[in-house]
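Protein chains in written order, with the working numbering: chain A, 32 to 182; chain B, 52 to 327.
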């Protein structure tokens, strides 16, 4: 069947299957701002998460958070707390909750919810109905944050 | 002054280099500007207001102190030519009715304002003259001709304090603007206040956040080497938070402009200012 329908369809299928396993943004189960279950059912990739953290079009976490581990990047923001030692301050479930939707942990925060795809006002058309990060990217970022321990 | 608990520690060590907005004074062509003032009574969350000039780097700041160095003056010169240029079916230029552009001193400080029940910005006044008195086509809200002429007219008020009316028939427009200022929009779900009230003085990646004052508009930006309108800036900020901007010249942006003008009450008009 794959061969008959060609590569494009196969890729689509693969995509759909991966998404089907992900917890949907609206289905994430929060307990006191924390999320126990991995959104993908698998551990994230810390090296990828490090890239997402710095990438201006993805997490752009560096816009607000200083992070000594990313010393090679020149501009670190000051809007949020520095990320150094963040893994000592929070558990993995707490960090997943904060990245997924920080507004539950920090009421009224400026920090965007990275895995929420509805309820926004006037989103640009290109972003309507989408979350800023995918489930995989959230898991990657969480895995990366877990590496940020005080020396 | 604005400070986060997590940078207080860092800053304490640097003492005198902290908070650049607390130790600068601006003089343009020898005239002192008010870049810091007590917040007007209607502002609930800030004690002090600062011009955006206070948050720029030393090099950018210096460009605004001397009209010869200020790149915006190339466009002011274009504004002078446009002001004298006959256009439209009536065979008139702006200068046919407004002999001396200096007569516009004070106008920038009072806009936007209510006329015949409508909120009008400087761009509306310019286009009103063009269409009704000159029989000419209106200019594009943020186009080069419009910003050149609004810079020229605004310049006549330079050094005068911002002083917009917010009571009487302006009140409902002001309320609408205030509402917009505090409403979160876009995929990033932020309001103007999140950045310009709660976090001014902080770095957001490479940008030093100001209070988002409009006393320097139109502003020359080094980034795009042209004059930028107030509504053009609003549009840019909305797109950055992945929100669909309101229309330039539309009711929402005019109301927001009125509200922001009122947040700058007492700051000197710095038109045309220089920003990065």
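Ideal placement from N, C-alpha and C gives every residue a C-beta, glycine not left out.
The beta carbon of residue 240 of chain B falls within 7 Å of a beta carbon belonging to chain A, placing the residue at that interface.
The Cβ atoms of residue 257 of chain B and residue 84 of chain A do not sit closer than 7 Å to each other. If only uninterrupted beta strand (DSSP E) runs of at least 3 residues are considered, none is enclosed by the segment 85-159 of chain A.
Boundaries of the beta strand (DSSP E) harbouring residue 100 of chain B: 99-101, taken from the DSSP string.
Of all residues in the segment 272-299 of chain B, the ones placed with a Cβ closer than 9 Å to any Cβ belonging to chain A are 289, 290, 292, 293, 294, 295, 296, 297, in chain order. If you draw a 10 Å sphere on the C-beta of residue 167 of chain B, you find fewer than 16 other C-beta atoms in it, and that means exposed. At least one CB of chain A lies nearer than 7 Å to the CB of residue 237 of chain B. Note that the C-beta distance between residue 261 of chain B and residue 115 of chain B is not below 7 Å. The C-alpha of residue 101 of chain B is placed about 21 Å away from the C-alpha of residue 158 of chain B. For residue 69 of chain A, no alpha helix (DSSP H) encloses it, and the DSSP letter there is neither H nor E. Of all residues in the segment 97-114 of chain A, the ones placed with a Cβ closer than 7 Å to any Cβ belonging to chain B are 106, 108, 109, 110, 112, 113, in chain order. Between residue 154 of chain A and the set B:312, B:134, B:295, B:133, the nearest pair of CA atoms involves B:295. Going by C-alpha positions, residue 147 of chain A is about 58 Å away from residue 142 of chain B. For residue 282 of chain B, the three-state secondary structure derived from DSSP is helix.
Under the 10 Å beta carbon count, residue 54 of chain B is surrounded by fewer than 16 other beta carbons and is classified as exposed.
With its beta carbon less than 7 Å from one in chain A, residue 256 of chain B belongs to the interface.
When C-beta atoms of the segment 233-245 of chain B are compared with those of the segment 285-293 of chain B, three or more pairs fall below 8 Å, so the two segments count as touching. The criterion of a C-beta distance shorter than 7 Å is not satisfied by residue 151 of chain B and residue 105 of chain B. For residue 270 of chain B, DSSP records a beta bridge to B:279, B:324.
By the Cβ test, the segment 119-136 of chain B is not in contact with the segment 89-100 of chain B, since fewer than three Cβ pairs between them sit closer than 8 Å. The three-state secondary structure of residue 259 of chain B, taken from DSSP, is strand.
Taking 7 Å as the CB threshold, residue 94 of chain B stays off the interface with chain A. DSSP links residue 62 of chain A through a beta bridge to A:65. Residues of chain B with a Cβ closer than 7 Å to the Cβ of residue 95 of chain A are, in chain order, 255.
If you compare the alpha carbons of A:79, A:179, A:98 with that of residue 164 of chain A, the shortest gap goes to A:79.
Bounds of the alpha helix (DSSP H) holding residue 222 of chain B are 222-232. Taking a contact as a CB-CB distance under 8 Å, the pair residue 77 of chain A and residue 175 of chain A counts as one, their CB atoms being some 4 Å apart. Contacts with chain B at 7 Å (Cβ-Cβ) include residue 158 of chain A. Contact between the segment 195-215 of chain B and the segment 243-251 of chain B is absent: fewer than 3 CB-CB pairs across the two stretches fall below 8 Å.
For residue 168 of chain A, the enclosing alpha helix (DSSP H) has its first and last residue at 166-176.
The beta carbon of residue 135 of chain A sits no closer than 7 Å to any beta carbon of chain B.
At a cut-off of 7 Å between beta carbons, residue 265 of chain B makes no contact with chain A. DSSP places residue 113 of chain B in no beta strand (DSSP E) but in the uninterrupted alpha helix (DSSP H) bounded by 109-114.
Annotation: residue 327 of chain B has no Cβ neighbours in chain A at a cutoff of 9 Å; minimum Cβ distance is about 13 Å. Contact annotation: the segment 221-228 of chain B touches the segment 295-306 of chain B, with at least three C-beta pairs closer than 8 Å. Here residue 286 of chain B is buried, its C-beta having at least 16 other C-beta atoms within 10 Å.
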